[in-house]
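Written below as structure tokens is the structure these notes are about.
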Amino acid sequence: MILKTVDLVKDFGSLRAVDNVNLEIEEGEVEAIIGPNGAGKSTLLDLITNRSRPTSGHTYFRGREITKLRPFTIASLGIGRCFQVSKLFSGLTVFENVQIACISKGGEVFNMYSPGNNVLEKEVAKILDSIGLNEMADELAGYLSYGDQRRLEIGITLALMPTLLLLDEPTAGVSRAEGNDLMRLVKNLAGEQALTIVFIEHDMDIVFSYADKISVMNWGRVIATGTPVEIKNNDLVQKVYLGENAL
Amino acid sequence: MMQVLARNKSIGFGVITIVVLSILAVSLPVHRVELITRILIMALFATSINIQLGYGGMMPLGQAMFLGIGGYSFGLLLLKGGLPLTLAFFAGLLLSAVASGIIGFFCLRGDSMTFALLHLAFNILLATLANKWISLTGGSQGFIGIPRPSMFSSPLGFYFFVLVVVLICYVLIRMIVSSPFGKVTEGLRENEERICFLGIDNKKFQLVIFIISGLFTAVAGILWTMLQRGGFPTYMSLILSAEGLMMCLIGGMLSFLGPSLGATIVTIMSTVTSSYFQEWQGLLGIIIIGCVLGFRGGILGGRKIKIKLSPAGSDK
């Protein structure tokens, strides 16, 4: 088991955003977290990466407790995170965006004396190649189309060579075709790098085509976990989330 | 290949600048030589601020305190500690590094707004100390009797001394901002949270930027003390802190030489223009409003334009 949460709780005032979540993610799995808006999905990812501190509960990564570690430590342990709204270096070029991630991975952060422009060029080129942004290397990240920004965000995160990748709505705001491209890209790369993936998604087509396992959240709780077939046939899930027409 | 070319270009540019500055100095009357000396020191001050401001996206509202920290620790080690000049210079820098480490540690406790305000608060605190701790600092009178290096004691000699020190600092700063460290610094300006989620301790990193910036400001402070042959609490005034930021803004904080250009303009205005036109600071205000509202990148601009990231969705 690569990731495990035990009774994770997050209160915002009197609102319980995440309510006793016990998540168990197996190595190599692609797990989707679905649920209506406000179900606590993004908050759950925030708790895992300690972007916000849990009110109570514990998180374990490869058997080691990471609940109270700082976000950068958690990132360096191998948990990559893509946000719902891309967090890029928008005033820097696509190349530099990936390069900074490679500098971090390569332990060159405090190197103050080598010329930086071409540092780790090969590693950067490899990542750009895999996310298909080679041609755009010299564009400013902020000028990219939304879909390409999502791609770049995934590239930056993959440059860290994480073992666990947390994706928050990777395909939100892009066309269905582009969304499928993105997910195929992620899944291919996941195969190459032996990645475990947890992703939040609203598009049921994407969820059912790419997930090995699905957890459904509602009102801060995980109300069901299972294979896509099990989830499709779960009455409770049908009721709270999927509705009549979704399938 | 491109990099070698770019590097040769900046070496060429540096050589031309040195030649021009040397010819200027030899051909100008003494009081003008002193003006250029001031400009050089202020240019170093502005460039050191810009490591934080333009590269790191931090807002050091009270950076003049490091002029004071450098100048005072150098001056007092020399006068009260009886250290020889060279030793006082380096010991002063060491003290400044320690001081900026401590001040930075506190300033970086919170977010960027907290940073700016705490920075300002430390500036006020230290300026008050310099004014009121009379037994140590000489209070509002400051202290006098700071010698210049004996080989460079004439105005022209001192000018060349400053030129060399400032150039060495420029080469070092240039090296730092174009290194991998400099790349990460720019990333920090663009998105601090992303830096953190790339596994980099963002606060520790900012502290290092802070200390580097403070050290180079301290060098400017020491040179300033030598130029004035003494140290005065005005070195730590909030006005000087503000002027430093204005230099970066006017010249262009997204280019390496922008702040130096800004320093040239502001210093000329404050010394030359003020003799014809007393309200020069009002004029400075107008220029800054123009820069902020009109051309964002300052005079030298820069390739990087701040733009809003795409719409879709809100961050939770």
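Protein chains in written order, with numbering that gives the first Met the number 0: chain A, 0 to 246; chain B, 0 to 315. Heads up, the beta-carbon is just placed ideally off N, CA and C, and yes, glycines get one too.
DSSP three-state assignment for G141 (chain A), whether helix, strand or coil: Here residue 141 (chain A) corresponds to residue number 142 of the first sequence, with the count starting at 1. DSSP, reduced to helix, strand and coil, places G141 (chain A) within a helical segment of the structure shown.
Buried or exposed (CB count within 10 angstroms, at least 16 for buried), D211 (chain A): What you label residue 211 (chain A) is simply residue 212 of the first sequence in a count that begins at 1. Residue burial is scored here from C-beta neighbours: D211 (chain A) has fewer than 16 other C-beta atoms within 10 angstroms and is therefore classed as exposed.
Inter-residue Cα distance where the pair is N36 (chain A) and G219 (chain A): In the first sequence, counting from the first residue as 1, residue 36 (chain A) sits at position 37. In the first sequence, counting from the first residue as 1, residue 219 (chain A) sits at position 220. Straight through space, the alpha carbons of G219 (chain A) and N36 (chain A) are spaced by roughly 11 Å.
G77 (chain A) to G56 (chain B) span [Cα, whole Å]: As a first step, residue 77 (chain A) is located in the first sequence; it is residue number 78 there, counting from the start. As a first step, residue 56 (chain B) is located in the second sequence; it is residue number 57 there, counting from the start. Straight-line Cα distance between these residues: approximately 28 Å.
Euclidean distance between Cα positions of I47 (chain A) and T58 (chain A): If you number the first sequence from 1, residue 47 (chain A) lands on position 48. If you number the first sequence from 1, residue 58 (chain A) lands on position 59. Spanning the two alpha carbons is a distance of roughly 6 Å.
Straight-line Cα distance separating G284 (chain B) from F151 (chain B): Locating residue 151 (chain B) in the second sequence gives position 152, where the first residue counts as 1. Locating residue 284 (chain B) in the second sequence gives position 285, where the first residue counts as 1. F151 (chain B) and G284 (chain B) have their C-alpha atoms some 37 Å from each other.
Test: V32 (chain B) CB closer than 8 Å to a CB of chain A: Counting from one through the second sequence, the residue named residue 32 (chain B) turns up at place 33. Any Cβ of chain A closer than 8 Å to the Cβ of V32 (chain B) would place that residue at the interface, and such an atom is absent.
Option in B:L187, B:L292, B:G91 with minimal Cα separation from Q205 (chain B): On the second sequence, position 206 is the one that residue 205 (chain B) refers to. The option with the nearest alpha carbon to Q205 (chain B) is B:L187.
Interface residues of chain A facing C290 (chain B) [CB-CB closer than 8 Å]: The count along the second sequence starts at 1 and reaches residue 290 (chain B) at position 291. What C290 (chain B) touches in chain A: nothing, since even the nearest Cβ is about 18 Å away.
Closer than 8 Å to chain B by CB, I99 (chain A): If you number the first sequence from 1, residue 99 (chain A) lands on position 100. It does: the Cβ of I99 (chain A) has a partner Cβ on chain B nearer than 8 Å.
Endpoints, beta strand (DSSP E) assigned at I33 (chain A): Locating residue 33 (chain A) in the first sequence gives position 34, counting from the first residue. Per DSSP, I33 (chain A) is one residue of the beta strand (DSSP E) stretching across 29–33.
Under the three-state DSSP convention, the category S153 (chain B) falls into: Here residue 153 (chain B) refers to the residue found at position 154 when the second sequence is read from its first residue. DSSP places S153 (chain B) in coil when its eight states are reduced to three.
Cα-Cα separation, M235 (chain B) to N117 (chain A): Position 236 of the second sequence, counted from the start, is the residue given in the question as residue 235 (chain B). Position 118 of the first sequence, counted from the start, is the residue given in the question as residue 117 (chain A). C-alpha separation (whole angstroms): 40 Å.
A311 (chain B) at chain A interface by Cβ criterion, 8 Å: Counting from 1 along the second sequence, the entry for residue 311 (chain B) is found at position 312. Here A311 (chain B) scores only 38 on pLDDT, less than 50, and its place in the model is too uncertain to base an answer on.
Proximal chain B residues relative to V206 (chain A), where beta-carbon distance stays under 9 Å: Position 207 of the first sequence, counted from the start, is the residue given in the question as residue 206 (chain A). The contacting residues do not exist; V206 (chain A) stays about 18 Å from chain B at best.
DSSP beta-bridge partners of S55 (chain A): For the purposes of this step, residue 55 (chain A) is identified with residue 56 of the first sequence, where counting begins at 1. Per DSSP, A:V8.
Distance between G105 (chain A) and L119 (chain A) (C-alpha atoms, nearest Å): For the purposes of this step, residue 119 (chain A) is taken as the residue at position 120 of the first sequence. For the purposes of this step, residue 105 (chain A) is taken as the residue at position 106 of the first sequence. Rounded to the nearest whole angstrom, the CA to CA distance from L119 (chain A) to G105 (chain A) is 8 Å.
Simplified DSSP assignment, three categories, for M58 (chain B): Translated into the one-based positions of the second sequence, residue 58 (chain B) becomes position 59. Three-state result, M58 (chain B): coil.
DSSP state of A219 (chain B) mapped onto helix, strand, coil: Working through the second sequence from its first residue, we reach residue 219 (chain B) at position 220. Residue state, collapsed to three classes: helix.
Close beta carbons around E95 (chain A), own chain, < 7 Å, minus the five adjacent residues each side: By 1-based counting over the first sequence, the position of residue 95 (chain A) is 96. F88, listed in sequence order.
Spatially closest choice to V93 (chain A) from A:I32, A:E138, A:R15, A:V20, by CA coordinates: Position 94 of the first sequence holds residue 93 (chain A). For V93 (chain A), the closest alpha carbon among the candidates A:I32, A:E138, A:R15, A:V20 is that of A:E138.
Q148 (chain A) versus A:V173, A:A158, A:G115, residue with shortest Cα-Cα distance: Taking the first sequence and counting its residues from 1, one reaches residue 148 (chain A) at position 149. Residue A:V173 is the option with its Cα nearest to Q148 (chain A).
Residue span of the alpha helix (DSSP H) that contains D128 (chain A), given as start and end: One-based indexing of the first sequence puts residue 128 (chain A) at position 129. Secondary structure note for D128 (chain A): its alpha helix (DSSP H) is the uninterrupted segment 120–130.
8 Å Cβ cutoff met for R52 (chain A) and F196 (chain B): Counting from 1 along the first sequence, the entry for residue 52 (chain A) is found at position 53. Counting from 1 along the second sequence, the entry for residue 196 (chain B) is found at position 197. No. Outside cutoff.
Beta-carbon proximity of I130 (chain A) to K182 (chain B), cut-off 8 Å: Working through the first sequence from its first residue, we reach residue 130 (chain A) at position 131. Working through the second sequence from its first residue, we reach residue 182 (chain B) at position 183. Going by C-beta atoms, I130 (chain A) is not nearer than 8 Å to K182 (chain B).
N130 (chain B) at chain A interface by Cβ criterion, 8 Å: Along the second sequence, one-based indexing puts residue 130 (chain B) at 131. Using a Cβ-Cβ cut-off of 8 Å, N130 (chain B) does not count as an interface residue toward chain A, since no Cβ of chain A sits closer than that to its own.
Contacts of N49 (chain B) in chain A (Cβ-Cβ under 7 Å): Position 50 of the second sequence holds residue 49 (chain B). Proximity of chain A to N49 (chain B) at the Cβ level (cut-off 7 Å) is not reached, the minimal Cβ distance being about 16 Å.
Chain-ordered neighbours of G115 (chain A) on chain B, where CB pairs are closer than 7 Å: In the first sequence, residue 115 (chain A) corresponds to position 116, counting from 1. S177, S178, P179, G181, K182, listed in chain order.
Identified DSSP bridge partners for G79 (chain A): Here the question's residue 79 (chain A) lines up with position 80 in the first sequence. For G79 (chain A), the beta-bridge partners assigned by DSSP are A:L164.
Cα-Cα separation between G154 (chain A) and E168 (chain A), rounded to whole angstroms: Walking along the first sequence from the start, residue 154 (chain A) turns up at place 155. Walking along the first sequence from the start, residue 168 (chain A) turns up at place 169. Their backbone Cα atoms lie some 15 Å apart in a straight line.
Within chain B, partners of E107 (chain A) - CB distance below 7 Å: Taking the first sequence and counting its residues from 1, the one referred to as residue 107 (chain A) is at position 108. Near E107 (chain A) (Cβ distances below 7 Å), the residues of chain B are P179.
Test item: CB-CB of G251 (chain B) and L282 (chain B) under 8 Å: Reading the second sequence from its first residue, position 252 is the one you call residue 251 (chain B). Reading the second sequence from its first residue, position 283 is the one you call residue 282 (chain B). No, they are not a contact pair.
H30 (chain B), buried or exposed, once every other Cβ within 10 Å from all chains shown has been counted against 16: Here residue 30 (chain B) is taken as the residue at index 31 of the second sequence, counted from 1. Label assigned to H30 (chain B): exposed.
Straight-line Cα distance separating R228 (chain B) from I145 (chain B): Counting from 1 along the second sequence, the entry for residue 145 (chain B) is found at position 146. Counting from 1 along the second sequence, the entry for residue 228 (chain B) is found at position 229. R228 (chain B) has its alpha-carbon roughly 5 Å from the corresponding atom of I145 (chain B).
Buried or exposed (CB count within 10 angstroms, at least 16 for buried), N232 (chain A): Locating residue 232 (chain A) in the first sequence gives position 233, where the first residue counts as 1. The residue in question, N232 (chain A), is exposed, as its Cβ has fewer than 16 Cβ neighbours within 10 Å.
7 Å CB neighbourhood of L155 (chain B) in its chain, flanking five on each side removed: By one-based count along the second sequence, residue 155 (chain B) stands at place 156. For L155 (chain B), where only same-chain residues beyond five positions count, the Cβ hits under 7 Å are A24, V32.
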